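Right, one structure below, let's go through it.
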Amino acid sequence: MLNNMYVSTLADGVTFRAIPETRFKNSCIAVHFYHPLSREEVTLNAVLISLLRHSCAKYPEYNELRRAASMLYGADIDTSVSNIGSCQMLTVGIDMIDDRFIPDGECISGECAELLSELIFRPAMGDDGKMFREDDLEVTLRNAEERIRSRVNDKAEYAAHRCTAIMCEGEPAGIEPGGYLEDLPGVTREALAAAWKKILSTAEVEIVMVGGADYKPVERIFTREFKKTDRCRAKLPEPPVYREVTEVREITERMDVQQSKMIMGMRIPIIEPDDRTMAARLMSLLFGGGTTSLLFNNVREKLSLCYYCSSAYSRSSGLLFVRSGIEESNFQKAVDEIKRQLAIIANNEFTDDEFNASKLFALSAFDNISDSIGSIEQWYAVQHLDGCVRTPQQAAERMKAVTRSQVAECASLARLDTVYLLAPEISEESGEPEGGGEQ
Amino acid sequence: MSSHSDRFEVREDRLTGETVYFTTHPTGVKIAICPKPEFKTSYAVFGTKYGSIDNDFSVDGGEFTRVPDGIAHYLEHKLFENEDCDAFERYAKLGACANAYTSFDKTCYLFACTREFDKALEILLDFVQKPYFTEETVRKEQGIIAQEIDMYRDNPGWCVFFNLMKAMYRDHPIRIDVAGTVESISLITPELLYRCYDTFYNPNNMVLGVAGNVDPQRVLEICDRLLLPKKQLRIVSRCPEDDGRVVQPFIEQEFDVPLPIFQLGFKERWRVTTERERVLSGIIKNAVFGPVSDFYSRMMRKKLINPGFGCDYMYLSGVQNMIFQGMSHSPETLRDEIFEEIERVRRDGISPRLFECARRSCFGSQISFFNNADDIADNLADDLMFGTDTFEAVKAAAEVTVDEGNQRFLEQFELSNSSLSVVRRSKEA
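Chains as they are written, first to last, in this note's numbering: chain X, -16 to 422; chain L, 28 to 456.
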């Protein structure tokens, strides 16, 4: 698929990457900004990215912007903010159906690219002629507050957030990409305008376009816009460093829940650009990545302890988290079994069938990337920070070469850091956790 | 085209550019295949029109049987285990990614793969046709499913939905969680599982949807080899009579949530609707209440909604309604605002400009459905099970007018036939 990939540099630190693909009904364009992650700016940036999709100078009213996008056959404007290692990625993108599927032969791809550039380069202005409007900010701040406060509604996610925040305090991985409640009052139009100007000027930028629409007009639009921008690219920070584990922390927090959510946070000293990240990814798949994994087949299928038990490894931070929902009385049994399964991998005692199944699973996942427009786009967005851009096929070749002993080595390097349990409240009468008495 | 067997009815769709091969296998299984040779991935779904609402049924005119709640879902979990080995293990050897799910009205078994499609399809057809339930294996699953049930009980959105169903439907099994309760699943036995299996997994009640890098002829050959002929059964699944009216206009539950969560449902008397009517329902709710509307901006300014606000149309056997959902400081005030807006639109009609915005958006998303093999196969399987027509929906989105929209609007939102479900913290907290 990637023989016809087109790459150009539009300005200092601004890459344009087009992957022409006519297999899909849609095209997408995403503009990614990479800059250093900081606890101080994370809330500001979360609000900023919501404001950018709220309105723009051309369509200062929220519903006018939505109407313009809807008339472009439901062009989908999406913004996001994510933390990758010691960097933050801000994204403003648009997804649209290809011109060839529009009934009257209308062409919308150029208009969609123009709309995207309006959102990025010409945000709505207040009556005082300065960037962003006060009432938009008010709505966005309230939405941000409600969003942050509602995190607790998804108990499994909430538990994962809590474990990460406790375990990684003071590290980039401990910073919450969605921002903090206590920092919202400090977010002002002035601070937002300064932050956005700084990002436009100093961030590394990667524009990724995938789909059947002609990329040349898109390249022209963004060349024109970045020419008008004062660029002074800042250097991105070094990857996070591995923090030795001195003792295992066990933390239980109680809340009104039926089911206990358990998170085991581990550290592995394998962080991009380490050569062993591919082996660590395979290790995590073998450990707890789906229905072929040891955790699924033992903690769930053999011991019937849970409905889900899975692991996920982040190559940008060297962290691995195991998540499961269990009965509190089974907590120790689950922890012991999870540790035992990790030891089986570390001791190279897993079967060839288990190893091969996990590898096939990983290879299929790389194959699948080329069949989804969103996955292709995301693949290149994240690769930008790896310093070396590979195709999914090249990554698959590296995965194929991973050996059993490399996987075992990764597991042997994993250190349990924090065991976090979100458990039901203790009822006053019995001293027993509520709802946990029957089994 | 000519190289393919004349056993297929071939449909070429102009708007999406897709070609689909349809056939009914001699065993009774309905099949739809959408080849996408330019993709690496292939996806297949083998489904039965059997979900949690089918809990009271009769076969070939016999007595009705009432089975424990959650049994369709339990059966789905247990079917993965055959006598000699587990289906997940067999898939794992191919690198195929397999899954299954049960909803109110169907159970689906599926896989996606990028190699060895033939072998993966063989596994799918084989294990779904080979039930193996014993006292021991059935007991083993109870711990896993009990944890699944507990997981949902921690989800306030799930609670607000089932409370709404209880407020809107007196007896319809839509009131019951797909997974049942810890008590109801304890009543499940191998005999009951076999009885449900032998009824609803009759080939006559099953469909196969395939999309991706596949050859329709090869798929049919595998089906010929693996689909087992059985006596075709006449299944009647009955739901208690419903008078078409909601049970109660308001329902509330205490739940420790930072902001009240609500769903507001407008019930319609159930009837079979056309694809065009259902597409219209989707368009008018977006034109009147979606982000393009004045209503949405006004509610945002009044701080009554946040970007989580939305509205969905629900349609399945015996159930037809429109549900607004989101978080709000005052769901009651928001309900009154929605009522007022409905009355205004009944009087003044839908803005033609906003109808056009919503129609174009709808067309765009209908086209986008055809981006991925899994969505295509799922939609085709649904069409075969429920008599819907995915391509007809695309065509409708290209054609419908605001006059039709206004007409549909009048049927859709009856203020006196609505219920509001809220979960919030206790008032004194």
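The beta carbon of each residue, even a glycine, is placed where N, CA and C say it ideally should be. These figures come from a predicted structure and were not determined experimentally.
1. In this structure, how does DSSP classify residue 456 of chain L when only helix, strand and coil are distinguished?
2. So, are the CB atoms of residue 261 of chain X and residue 385 of chain X less than 9 Å apart?
3. Would residue 62 of chain L be called buried (16 or more neighbouring beta carbons within 10 Å of its own) or exposed?
4. Applying the criterion that 16 or more other CB atoms from any shown protein chain within 10 Å of the CB defines a buried residue, is residue 91 of chain L buried or exposed?
5. Name the chain L residues that come within less than 7 Å of residue 132 of chain X, Cβ to Cβ?
6. State buried or exposed for residue -3 of chain X, treating a residue as buried only when at least 16 other CB atoms are found within 10 Å of its CB.
7. Quick one: Cα of residue 114 of chain L to Cα of residue 104 of chain L, how far?
8. State the CB to CB distance for the pair residue 375 of chain L and residue 46 of chain X, rounded to an integer number of angstroms; the pair is presumed to be in contact (CB under 8 Å).
9. Would you call the region 82 to 102 of chain X in contact with the region 1 to 13 of chain X, where contact means no fewer than 3 C-beta pairs closer than 8 Å?
10. I'd like the list of long-range same chain contacts for residue 119 of chain X, defined as Cβ closer than 7 Å, with 5 residues on each side in sequence excluded.
11. So, does the CB of residue 284 of chain X fall closer than 9 Å to a CB anywhere in chain L?
12. Might you give, ordered along the chain, the residues of its own chain that have their beta carbon closer than 6 Å to the beta carbon of residue 451 of chain L, omitting 5 neighbours on each side?
13. DSSP three-state label for residue 126 of chain L, please.
14. Closer than 9 Å, Cβ to any Cβ of chain X: which residues of the region 121 to 140 of chain L, in chain order?
15. Which residue's Cα is closest to the Cα of residue 219 of chain X: X/395, X/41, X/399 and X/367?
16. Spell out the partners DSSP gives residue 11 of chain X in its beta bridges.
17. Flag this pair as yes or no: are the beta carbons of residue 157 of chain L and residue 232 of chain L separated by less than 9 Å?
18. For the beta strand (DSSP E) containing residue 63 of chain X, name the first residue and the last one.
19. Determine which residues share a DSSP beta bridge with residue 236 of chain L and list them.
20. The alpha helix (DSSP H) that contains residue 382 of chain L, what's its start and end?
21. Beta-carbon of residue 469 of chain X versus every beta-carbon of chain L: anything under 9 Å?
22. Of all the CB atoms in chain L, is at least one closer than 9 Å to the CB of residue 406 of chain X?
23. By a C-beta neighbour count over all protein chains shown, 10 Å radius and 16 as the cutoff for buried, is residue 298 of chain L buried or exposed?
24. Name the two residues that bound the continuous alpha helix (DSSP H) containing residue 333 of chain L.
25. Could you list which residues in chain L have their beta carbon closer than 8 Å to that of residue 217 of chain X, in chain order?
26. If the cut is a Cβ gap below 8 Å, which residues of chain L does residue 436 of chain X touch?
27. Using CA coordinates, which residue listed in X/294, X/248, X/189 and X/273 is at the minimum distance from residue 399 of chain X?
28. Compute the beta-carbon to beta-carbon distance between residue 382 of chain L and residue 429 of chain L, rounded to the nearest angstrom, for a pair I have assumed lies under 8 Å.
29. Where residue 417 of chain L and residue 234 of chain L are concerned, what is the direct C-alpha to C-alpha distance, given to the nearest angstrom?
30. DSSP on residue 317 of chain L, reduced to helix/strand/coil?
31. On the three-state DSSP scale, how would you describe residue 358 of chain X?
32. Identify the contact partners of residue 44 of chain X in chain L, using a Cβ-Cβ distance below 9 Å as the criterion.
33. Using a C-beta to C-beta distance shorter than 8 Å, which residues of chain X count as neighbours of residue 312 of chain L?
34. Can you confirm whether the region 211 to 220 of chain L touches the region 145 to 165 of chain L when touching is taken to mean that 3 or more C-beta pairs between the two stretches lie within less than 8 Å?
35. Would you check if the distance between the CB atom of residue 271 of chain L and the CB atom of residue 296 of chain L is smaller than 9 Å?
36. Going by C-alpha to C-alpha distance, which of L/143, L/49 and L/350 sits closest to residue 336 of chain L?
Result, derived from the coordinates:
1. Its pLDDT being 48, under 50, residue 456 of chain L is placed unreliably by the model, and the measurement read from it follows with that caveat. Coil.
2. yes
3. buried
4. exposed
5. 285 and 286
6. buried
7. 11 Å
8. About 17 Å; that fails the 8 Å criterion.
9. yes
10. 34, 37, 38 and 107
11. yes
12. 287
13. strand
14. 121, 122, 123, 124, 125, 126, 139 and 140
15. X/367
16. X/78 and X/193
17. no
18. 59 to 67
19. L/59 and L/72
20. 379 to 395
21. One cannot answer for residue 469 of chain X here, as it falls past the ends of chain X, which runs -16 to 422.
22. no
23. exposed
24. Note, residue 333 of chain L: premise wrong, no alpha helix (DSSP H); not H, not E.
25. Near residue 217 of chain X there are no residues of chain L at all, since even the closest Cβ is about 32 Å away, more than 8 Å.
26. Any answer about residue 436 of chain X is impossible in this case: the structure gives chain X only from -16 up to 422.
27. X/248
28. 4 Å
29. 15 Å
30. coil
31. helix
32. 324
33. Going along chain X, no residue has its Cβ under 8 Å from residue 312 of chain L, so there is no contact; the nearest lies around 14 Å.
34. yes
35. yes
36. L/350
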